[in-house]
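Protein chains in written order, with full-length UniProt numbering: chain H, 1 to 118; chain C, 1 to 118.
Listed below in C-alpha cells is the structure:
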C-alpha cells in the first residue's frame, strides 16, 4: 500500500487536501478540502471538510478543529471521533468564520477542544 | 485585485501551494510547492519552495522555515529576506529530511529561526 504519510509525524499540505476522513465505526464521513493556517504562528487551526453534497447538508464546508483528527496508518487516512449527528449540529459557517474569534470559540467549545490561541 | 488571503491572519492551505515568494529587492525567488505540518501539534514547520529548475540549483526542493516568510498584501504573495546566495548555501535535503530532527536543527540554525519544537 502506497502510504501518503508513512509513519512520519510530519504531513505534506498537498497530501492532506483531498484525503478521506473516517468515523470511529470505519465509515467514510467526508474528505478534507483544505486546512486553515494562522499565518504568524504557523498553527493549523481547522481542517475544512466537504461531503460532496452527499448527505444533503445545508452547507458546503464543515470546519473541524485540527486536533479532532488523528492519522490511521493502516487506512492511510484520517480518523475522527466526531459523529455525523455531532457534525450536523456544529456551528454554521459564515463568510468570515476563519477570522472570527467568537466563531472559533463556539466551534472549539462545541467540539471540546482547547483553544489553539491560548 | 483579487486577494488570495485578503488581510486575514488566516491562510488556506490550498492557496498557499503555488504562491509566489519575492525577495526584499522585489524579485521573484520561487514559489511554494507545499508546506510540511507536524501532525500532532498542527504546527507548520517548513514551506518547501521550488524554482522550476530555472536557477540550475542542484536539487528540486528548498525547505525554508515558515517563520522566514511574511505575507505582503500589496503583492498578494509571500516575501522573504532570504537571499539567493543564502538559499544556495542552505542545508541540502535528503529523502527523510522532514522527519530528521538533526537536519531540522541545521536548517533552523542556518536561517537563525527559533526551533518550533521548543
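Ideal Cβ placement from N, Cα and C applies to all residues, glycine included.
Output the distance between the C-alpha atoms of residue i and residue j, rounded to the nearest integer angstrom.
i: residue 2(H); j: residue 19(C); result: Here residue 2(H) scores only 49 on pLDDT, less than 50, and its place in the model should not be relied on; the value that follows carries that caveat. The straight-line gap from Cα to Cα measures roughly 28 Å.
i: residue 102(C); j: residue 109(C); result: 11 Å
i: residue 63(H); j: residue 94(H); result: 11 Å
i: residue 42(H); j: residue 39(C); result: 13 Å
i: residue 105(H); j: residue 14(H); result: 27 Å
i: residue 50(H); j: residue 96(H); result: 17 Å
i: residue 74(H); j: residue 17(H); result: 19 Å
i: residue 84(H); j: residue 115(H); result: 23 Å
i: residue 12(C); j: residue 100(H); result: 15 Å
i: residue 33(C); j: residue 46(C); result: 11 Å
i: residue 10(H); j: residue 98(C); result: 7 Å
i: residue 107(H); j: residue 86(H); result: 11 Å
i: residue 92(C); j: residue 77(C); result: 25 Å
i: residue 82(C); j: residue 72(C); result: 15 Å
i: residue 89(C); j: residue 88(H); result: 51 Å
i: residue 111(C); j: residue 117(H); result: 26 Å
i: residue 48(C); j: residue 65(C); result: 9 Å
i: residue 61(H); j: residue 60(C); result: 34 Å
Can a CB atom of chain H be found closer than 9 Å to the CB of residue i?
i: residue 45(C); result: yes
i: residue 21(C); result: no
i: residue 94(C); result: no
i: residue 116(C); result: yes
i: residue 42(C); result: yes
i: residue 105(C); result: no
i: residue 88(C); result: no
Should residue i be flagged as near chain C, meaning a C-beta pair shorter than 9 Å?
i: residue 66(H); result: yes
i: residue 75(H); result: no
i: residue 33(H); result: yes
i: residue 2(H); result: At residue 2(H) the pLDDT is 49, less than 50, meaning the model places this residue with poor confidence and gives no usable figure here.
i: residue 36(H); result: yes
i: residue 62(H); result: no
i: residue 79(H); result: no
i: residue 9(H); result: yes
i: residue 71(H); result: yes
i: residue 83(H); result: no
i: residue 112(H); result: no
i: residue 28(H); result: no
Residue j and residue i - do their beta-carbons sit closer together than 9 Å?
i: residue 35(C); j: residue 37(H); result: yes
i: residue 113(H); j: residue 67(H); result: yes
i: residue 26(H); j: residue 80(H); result: no
i: residue 44(H); j: residue 44(C); result: yes
Which two residues bound the contiguous beta strand (DSSP E) that contains residue i?
i: residue 38(H); result: 28–38
i: residue 71(H); result: 69–72
Using the DSSP secondary-structure output, state which residues sit across from residue i in a beta bridge.
i: residue 64(H); result: 47(H)
i: residue 22(H); result: 28(H), 79(H)
i: residue 10(C); result: 38(H)
So the alpha helix (DSSP H) residue i belongs to, where does it begin and stop?
i: residue 78(H); result: Run containing residue 78(H): none in the alpha helix (DSSP H); it sits in the beta strand (DSSP E), 77–80.
i: residue 15(C); result: 13–16
i: residue 109(C); result: 101–110
With hydrogens ignored, establish whether the beta-carbon of residue i is closer than 8 Å to any heavy atom of the ligand SAM.
i: residue 28(C); result: Annotation note on the ligand SAM: not contained in the displayed structure, which lists no ligands.
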